[in-house]
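Engineer:
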Amino acid sequence: MSGKNRSSVSSAINLRYGRGIGRPSLNLVQRPGDSQARQQEAYRKYRERVSGLSYEDQEGYATAGDTGFSLGDLNLYPVPGGEEGTLLSHEGGEEDLCRKLYEPESKSLRHDGRSRRDRTESRNKAWSSQVPTLAKAFLAWKQRKSSGLELPPPEGTLRTWRVLVVDFFASAVASFTPCTPTEDANTTLANHGYLGVAPVFPSTAISFQTLEAYRQLHGACPRLSIQAFCQGLAGLHMDNFRHAVAEQFSIAYDVYNDILHHVDCLSASALGRDRSDWRMHNACAPCLYRLEGEPAQKRVLLASMDGNSSLKLVDDTFRSGDARPDQRTWRTDLFISAEEVDKFKDEVRDAQKKSGPVSVLPAEADVPIGFAIAASTDTAPSATDSAVPLTSASAATSTSARRKRKGRADAATPHVSAPADPTPLDVVDIDGEDEEHGLIIEDTMKAEEPMESTSVCTERWRNAGPEARKKMFALFATTGIFACLCRHGQVLVLCDMIRSGELMKYPLAIVNKIINVYGPEISIALGYDIACEFSKTLGRSSLGARASETVSGVVPAFHGHSHNHRCQLDWHPMYMADVGKEDFEGCERFFSFSNGLAASTRLATAFHRHQAIEGLVAFWSRQKHGESGRFIFNNYRQALKTIEEGERALEVYARDLKTTPEDYERYLQEEREYLRGLMAEPTEFTMKVEYMDALHKLEDARVKDKAAIDNYKTLDYQIIHKGIKGKQITAIKREYRVAQTRLQQAEEAVCRLEETMDIESRWLPDSDEYLKTTLELGQRKYRRALDNLERLVVQRLFELSKLGMNGIGYKLREKIGHALKARAEAIRKALSEYNRHARALVPPRPELSWTDIMEMASVGEFDLLRDARQDIREKPWAQRTHRDAMNAYFSVKRAREEIERLNLEIPRLFSSMIDEHVDYHHAMQQIAPSDAALAHELAIRQQYSSRVNQKVVRWLQKTAGLPGFSGRVVYGQRIGRDPSRLVDASLPHWATRVGGGDGAQGAQGDVDDDPDGDADEDIPGIGIDESSRFVKFVDRLG
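With the UniProt record's numbering, the residue at position 609 of the sequence shown is 609, and numbering never jumps.
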């Protein structure tokens, strides 16, 4: 307890006070002094006060307050002995002392339980109770605005208050009067088209039109943040920008989104769209709006999934201040919760424990190739399979080896452990794994796994590697999103990646969600960058049995060219039945658009990040629906062109090569069998190579030993005649000793190998075994030179794709450009090394030129050159002309499948648009008598939908006019839909002008290339100018 003297009382008394846990306390100590002196001083002050008074006044002053009753004999508070002088006079400061003593009793301390930390949560609760009322007022305002009606006058005389209102082009102070005495302030503002920035006493209000303007602009340009928009408003208003305005706008925008969501729920209920998982069942009409009487499809839904690490969220731990509680979360069913995802966090470990091979089926099989029954085309197990917990003797060996490595590491550097207070650059382990179970095990696998145990796809793709490597900096609480989209670009489902890289639990959660929603009736072809490796985990997971019935894996077209050729033959869409010309690269296009949202959400709250993503997906979905007609037209025209050109080429190949379609199918099977038969180097060959290497080392040791002996024998001569001394003499003696030891060690190594290989007589340079193994060594060097060349080409392909990606800044683009130039020089050197070893083979392999490297459509073609132990140059499928013919045949085959799929998608899309019009018609009729404002909202939405659908139908009409069109633009009955809903429902105007479409319009479809005045789509993510610069840059590399 701290204390001090209080100087406001008599100097004869020391007063010490302090504040402890309980009430305030005072300690009084009266110092011993001359009481007579104090009494004399008090009497002097009294005489000064009365000296100017008359005698009568003095007597009256002395007897003032005397009632004739004396309490002298009444001892209510006896004073202890020795303390009688304590209350002798009023002039010694005792009155002030008593006042100070009783002051804490009269002024008790007030505890303020309020906290600014919970003001966000308090504000949210206050707003949430007003949202239904605000939504009703919002709809009423929209109705009055469209019809030109005025707000009813107030009931009686009510208080008018003034608020600063913010519109798009101006801001001013306006007066508002509530309509009823019980109407709250924000409802009054909403009736006039404004929304306050505070739930109770708003001093500023923002118009609904301004909030809607930002919502639409932010959807079209995700980079536009609230702060940037408010800065623009400040410029329009000719005012200074204040950060408080951006915060107020953010609060109002959150409430505005709540109002819109409430209106969406009311509209969905009126339209009958409030059923569970309705959004996913109707996310894409061409894919999911199945009609009665359709031909059966092996794969109904073509989708793709992938992870993206741009939409990160910085952890609150690394931000200044304390995070305010905010219990708000996403509003729609777009996201999968983290709890649902974590159900699969142990699936990889459990899958590794399961033994038994996974069967392999060809991609052209008649039954769906499920993830569960398809395996990687690599014969060796993957890295995830090889990381099975070690047992028996191998476990003891690995444990001792780990201890040795750990001991050496501890001796060299201090032990690294997770810090108690993480820094932004700390690497966090996945799923709570610590250092012992993360980095150490990773080191064990690197040290003890044989080179052949890791598949090529695992080495090339980071997300296909071991789970222990998929770490992320502790700076980020959320490291990105994992998305699943259909082939038309509609987002089906998302999930957050939490404090980790692209773990297997995220695609497992996506697959589980898809299977649960769509069931066994809808078979799905699911594209994934590492579908070949993911199939092993999925096949051995708890989803394996269900996934094998409906889900099949595909490697996307562009990413597939970076897989090895064996993998491509089973997983690339070119060789996958019933997928058409789909490339399964839809996620990359979506990520190219969503990357613009990263800058404004990285430092946001979790709720605002989800809100921004939901808004972006909603805008993206509307955009993709509007482009669905163009998508069908472009794909139909491309497929017809591929068929036309491919059939002409196949006629030439059939005449020159004497081949038939059956030959191309056989070539594919032979190539698959050949590549599957490619194993790692045989153990016998490996031992021979090791023995040859030992012989070379022994011969080298003999030469060096002989030179050391000769040099040592002439040591005296060199000292006398050459004058060597000091270090030179020591070096000669040391080389003499070391050379002898080196020779003994080399001799022992050769003897051990001879005992292991049962070699009775040592190989000599002129022996048959020596010459044969020398040739095989040359082939081994050739294969390694080919590996190096392939690795550089793979890196070049990735960097070229990054160079053409949208959203890359100037500095990064320049960096990639310099890397490509350096890579081009490295490829040239690797090409020279490859050609040197190719010429040394017997028989020599054909050399490659720089043009051959640049024209390779797939790095998988390197695999045809890899196996030098067999001569496949005479195989038809290994020759360039036959391979071109195979590519043309399968391209035409996929194009015909694309036509069949588009002929199903056109009626689905057209029928869904008509049914949507009918649903709006019935909903407005039912809701109009009870809720005119909601009926008006449905009418506005129907009008907008009709405009979008009109554009889609024009593209369908244009598609029907293509020469060779074989489908029909007709209405069909959706499976499970009530046909009576069409009764008494007027058709939209755009539906009455649609013909059957047999291609009779002929060349007219080629003349009118763009009925809407829009140019055809360019390369996804690259504009026209960027495309030309991109092509010129690639040309300069050659």
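Beta carbons are placed, not taken as given, at the ideal position from N, Cα and C, and that holds for glycine.
The structure presented is a predicted model; accordingly, all values stated were derived computationally and were not measured.
(1) Take residue 952 and list the residues in its own chain whose beta-carbon comes closer than 8 Å to its own, dropping the five residues that flank it on each side.
(2) Under a Cβ-count criterion, where at least 16 other Cβ atoms within 10 Å of its own Cβ denotes burial, should residue 269 be classed as buried or exposed?
(3) Find the nearest neighbour of residue 260 within the set 618, 831 and 963, judged by alpha-carbon distance.
(4) With 16 as the cutoff for other CB atoms within 10 Å, does residue 157 come out buried or exposed?
(5) Where in the region 927 to 986 do unbroken runs of the alpha helix (DSSP H), each at least 4 residues long, occur, reported from the N-terminal end onward?
(6) Starting from the N-terminal side, write out each stretch of the beta strand (DSSP E) that is 3 residues or longer and does not extend beyond the region 134 to 159.
(7) Output needed for residue 898: all residues of its chain with C-beta closer than 7 Å, excluding positions within five of it in sequence on either side, in chain order.
(8) Give me the DSSP bridge partner(s) of residue 496.
(9) If you draw a straight line from the C-alpha of residue 904 to the C-alpha of residue 656, how long is it?
(10) Determine the direct distance from the alpha carbon of residue 326 to that of residue 254, and round the result to whole angstroms.
(11) Would you call residue 36 buried or exposed, if buried means 16 or more other Cβ atoms sit within 10 Å of its Cβ?
(12) When burial is assigned at 16 or more other CB atoms within 10 Å of the CB, is residue 1067 buried or exposed?
(13) Could you please give the first and the last residue of the uninterrupted beta strand (DSSP E) stretch that includes residue 162?
(14) Taking the straight line between their C-alpha atoms, what separation do you get for residue 333 and residue 226?
(15) For residue 785, list the residues DSSP reports as bridge partners.
(16) Who are residue 616's beta bridge partners in DSSP?
(17) Go to residue 305, then tell me how far its beta strand (DSSP E) extends in each direction, as first and last residue.
(18) Could you pull out every residue in the same chain whose Cβ sits closer than 6 Å to the Cβ of residue 310, ignoring the five residues on either side in sequence?
(19) Put residue 169 into one of helix, strand or coil per three-state DSSP.
(20) Could you have a look at residue 195 and say whether DSSP puts it in helix, strand or coil?
(21) If residue 550 and residue 523 are in contact, beta carbons under 8 Å, what's the gap, nearest whole angstrom?
(22) Do residue 267 and residue 273 have their C-beta atoms within less than 9 Å of each other?
(23) Helix, strand or coil for residue 175, going by three-state DSSP, please let me know.
(24) How long is the line joining the alpha carbons of residue 501 and residue 608, rounded to whole angstroms?
(25) Which residues does DSSP pair with residue 204 in a beta bridge?
(26) Note down, in chain order, each residue of its chain lying with its Cβ closer than 7 Å to the Cβ of residue 1087, except the 5 sequence neighbours on either side.
(27) Spatial neighbours of residue 975 within its chain, please: CB distance less than 6 Å, with the 5 preceding and 5 following residues excluded, ordered by chain position.
(28) Near residue 224, what residues of its chain come up, given a Cβ to Cβ distance below 7 Å and the 5 sequence neighbours on each side ignored?
(29) Going by Cα to Cα distance, which pick from 532, 576, 568 and 517 is closest to residue 546?
(30) For the 8 Å Cβ check, are there 3 or more pairs between the region 644 to 661 and the region 882 to 898?
(31) Between residue 981 and residue 918, which are expected to be in contact by the criterion C-beta below 8 Å, what is the C-beta distance as a whole number of angstroms?
(32) Would residue 915 be called buried (16 or more neighbouring beta carbons within 10 Å of its own) or exposed?
(33) Relative to the C-alpha of residue 573, which candidate in 893, 239 and 168 has its C-alpha closest?
(34) What first and last residue would you give for the alpha helix (DSSP H) that runs through residue 652?
(35) Going straight from the alpha carbon of residue 190 to that of residue 140, what length do you get?
(36) On the criterion of 16 or more Cβ atoms from any shown chain inside 10 Å, does residue 944 qualify as buried, or is it exposed?
Structural biologist: In brief:
(1) 625, 626, 628, 629, 909 and 913
(2) exposed
(3) 618
(4) exposed
(5) 932 to 960
(6) none
(7) 580, 581, 635 and 639
(8) 481
(9) 37 Å
(10) 13 Å
(11) exposed
(12) The structure shown does not extend to residue 1067, since the chain is modelled only from 1 to 1038, so the question has no answer here.
(13) 161 to 166
(14) 25 Å
(15) In DSSP, residue 785 forms no bridge with anything.
(16) Per DSSP, none; premise fails for residue 616.
(17) 301 to 308
(18) 595 and 598
(19) coil
(20) strand
(21) 5 Å
(22) yes
(23) strand
(24) 22 Å
(25) 164
(26) Given that the chain is displayed from residue 1 to residue 1038, the structure contains no residue 1087 and the question cannot be resolved.
(27) 290 and 292
(28) 217 and 218
(29) 517
(30) yes
(31) 6 Å
(32) buried
(33) 893
(34) 628 to 657
(35) 9 Å
(36) exposed
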